[in-house]
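> I'd like to ask some things about the structure below.
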Amino acid sequence: MVRSVDHVRREETLTFIDGVVPWQPPVPDWALTDTALASLMRLVRELHDLTAGTDIAEPGEVVCHHDLAPGNTVYRPSPSKLAPVAFLDWDLAGPGRRVEDVAHVCWQWLDLGPTVRDVEQAARRIGVIAEAYGGLQPSELVTTALWWQDRCWRGIEAAASSGDTAMRRLVQECAPHQIRQAHAWTEAHQHRLTRAAGMQGCKDG
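Just so you know, we're using my numbering here: the sequence shown kicks off at 38 and counts up by one.
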């Protein structure tokens, strides 16, 4: 179900999109193939290019989704198995930088954090994502993923302290602690992630 909001008339439109949403972790292997990640990046790039230079993107570069995650993505069968066709949950959408959405993809799809078993594989996939989107460097993506992680746990705790019920529930479920652990892991492996991803890009190029 996709919800769109007309901010002028304050109306919402619900639309059903048939497909598969991998909402439950871990991210399935079929969503992590090079082909699937490249298709995902083409969809993100299309969103950004359509909004670049428009009034709704100001003062940013483009309109960002700001919460791209497997659970917010609809996949459908294609010649190369399942491919992403639409994004859900646009509540946080707004002006931003291209790198913000792409780095969020790196964090969410690759699950950057202590659960990563193969750092080199994660780095290689960051290289695939950067190359498929175009114009972004792996180092930018890793740095911005760290920014996201730091911003996320702080935001949850701040909102919980202000009385937000949903955020209080996340605190009770230890979400900020888990995100801090992910941030610490990503920071500790930043050089390896960036170096290996950059080498992959040079090799493929």
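Note that CB positions come from ideal geometry on N, CA and C, so glycine has one too. Note that this is a predicted model, so its numbers are computed, not measured.
#1: Taking 8 Å as the limit between beta carbons, can you name the residues of its chain near Gly97, skipping five residues before and five after?
#2: Alpha carbon to alpha carbon, how far is Ala234 from Arg154? Give it in angstroms, no decimals.
#3: According to the neighbour-count rule (16 or more other Cβ atoms, all chains shown, within 10 Å of its Cβ), is Ser117 buried or exposed?
#4: Taking 8 Å as the cut-off, decide whether the C-beta atoms of Ala123 and Ile54 are in contact.
#5: The beta strand (DSSP E) that contains Leu119, what's its start and end?
#6: Once you ignore the five residues that flank Ser41 on each side, which residues in its own chain have a CB closer than 6 Å to its CB?
#7: Under a three-way DSSP split, which group does Leu129 fall into?
#8: Take every Cβ of the stretch 164-182, pair it with every Cβ of the stretch 205-215, and state whether three or more of those distances are shorter than 8 Å.
#9: I need the DSSP call for Cys101, collapsed to helix, strand or coil.
#10: Over the uninterrupted beta strand (DSSP E) stretch that includes Ser115, give me the two end residues.
#11: For Asp138, count neighbouring C-beta atoms within 10 Å of its own C-beta (all shown protein chains included) and say buried if the count is 16 or more, exposed if not.
#12: In the DSSP output, what is Val57 paired with across the bridge?
#13: Do the CB positions of Trp184 and Ile216 come within less than 8 Å of each other?
#14: Out of Asp66, Glu177, Trp127, Thr202, which one is the CA nearest neighbour of Leu119?
#15: Please classify Thr181: is it buried, with 16 or more other beta-carbons within 10 angstroms of its beta-carbon, or exposed?
#16: Please classify Thr52 as buried or exposed, where buried requires at least 16 neighbouring CB atoms within 10 angstroms.
#17: Return yes when the Cβ of Val142 is within less than 8 Å of the Cβ of Val81, no when it is not.
#18: Using DSSP with H/G/I as helix, E/B as strand and the rest coil, what is Gln227?
#19: Can you name the start and end residues of the alpha helix (DSSP H) that Thr180 belongs to?
#20: Taking 7 Å as the limit between beta carbons, can you name the residues of its chain near Ala212, skipping five residues before and five after?
#21: Rounded to whole angstroms, what is the Cα-Cα separation between Asp126 and Ser115?
#22: For Ile93, which residues in the same chain have their Cβ closer than 7 Å to its Cβ, ignoring the five residues on either side in sequence?
Taking the definition as stated:
#1: Gly131, Pro132, Gly133, Arg134, listed in sequence order.
#2: The C-alpha of Arg154 lies about 16 Å from the C-alpha of Ala234.
#3: With fewer than 16 neighbouring CB atoms inside 10 Å of its own CB, Ser117 falls in the exposed class.
#4: Less than 8 Å separates the beta-carbon of Ala123 from that of Ile54.
#5: Counting along the chain, the beta strand (DSSP E) containing Leu119 begins and ends at 118-124.
#6: For Ser41, the predicted model reports a pLDDT of 48, less than 50, meaning its position is unreliable and no value from the coordinates is stated.
#7: Coil at Leu129, not helix or strand.
#8: Look at the beta carbons and you see the stretch 164-182 not touching the stretch 205-215: under three pairs across the two are nearer than 8 Å.
#9: Reduced to three states, the DSSP call for Cys101 is strand.
#10: Here the beta strand (DSSP E) through Ser115 covers 110-115.
#11: Looking at its Cβ environment, which holds 16 or more other Cβ atoms inside 10 Å, Asp138 is buried.
#12: Under DSSP, Val57 takes part in a beta bridge, and its partners are Tyr112.
#13: Contact: no.
#14: Nearest Cα to Leu119 within the set Asp66, Glu177, Trp127, Thr202: Asp66.
#15: Buried, because 16 or more other Cβ atoms sit within 10 Å of the Cβ of Thr181.
#16: Around the beta carbon of Thr52, a 10 Å sphere encloses fewer than 16 other beta carbons of the protein chains shown; the residue is thus reported as exposed.
#17: Cβ atoms of Val81 and Val142: closer than 8 Å.
#18: Helix at Gln227.
#19: Per DSSP, Thr180 belongs to the alpha helix (DSSP H) from 175-198.
#20: Excluding its 5 nearest sequence neighbours in each direction, Ala212 has C-beta neighbours in its own chain below 7 Å: Ile193, listed in chain order.
#21: Those two C-alpha atoms are separated by around 23 Å.
#22: These residues qualify, in order along the chain: Val100.
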